[in-house]
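Under the numbering used here, residue 992 is the last one in the sequence shown; the count climbs by one each step, no gaps.
Cβ atoms here follow ideal geometry from the backbone N, Cα and C, with glycine treated the same way.
Here the structure comes first, spelled out in structure tokens, and everything after it is commentary.
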Amino acid sequence: MPAWLAAAKAVLPYVSTILSATLPVFTDRKAQDRAPELVAQQISELQVAARQNAELVKSLAEQMQKTVAALDQGAIELERKIKRAKMLAMGASVIAVIALIVAVVAIRS
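What follows is the structure, encoded as structure tokens:
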């Protein structure tokens, strides 16, 4: 499985939450309605949105940290498997060369 696919699977559950939090949910602003109560309400809405945004960013950062750790672990395991495969290929090559030499000697005898 490609590494980016695992990262995408880890992030996808949070995309809808992030998108719903970023949609415009603030009080409608009209030029004639600049009452102090409206401004105070808009400020509180912005503070709530900023707090939610910070929480979502923190959650996303934690998920990314877990994903990066999993990718690192996968890379380490893959390096081990590649090293083992190279050693097996080298061993098979040596055995093939020995078999070739034995066959040539047997044919000449």
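Are Y897 and L961 touching if we call contact CB-CB under 7 angstroms? No, they are not a contact pair.
Quick one: grab the DSSP three-state call for S992. Note: S992 maps to coil in three-state DSSP.
Cβ pair A893, T950 closer than 7 angstroms: With contacts defined by Cβ atoms closer than 7 angstroms, A893 and T950 form a contacting pair.
Report task. Tell me whether A893 sits in a helix, a strand or coil according to DSSP, three-state version. Result -> Assignment of A893 by DSSP, reduced to helix, strand and coil, places it in the helix class.
Tell me which residues share the same chain as D955 and place their Cβ nearer than 7 angstroms to its Cβ, disregarding the 5 neighbours each side in the sequence. The beta carbon of D955 sits closer than 7 angstroms to no other beta carbon from its chain once the five residues preceding and following it are set aside.
I need the straight-line Cα distance from A953 to K966, nearest angstrom please.
For the pair A953 and K966, the Cα-to-Cα distance works out to about 20 angstroms.
Roughly how many angstroms separate the alpha carbons of A923 and K941, rounded to a whole number?
-> It is roughly 27 angstroms from the alpha-carbon of A923 to the alpha-carbon of K941.
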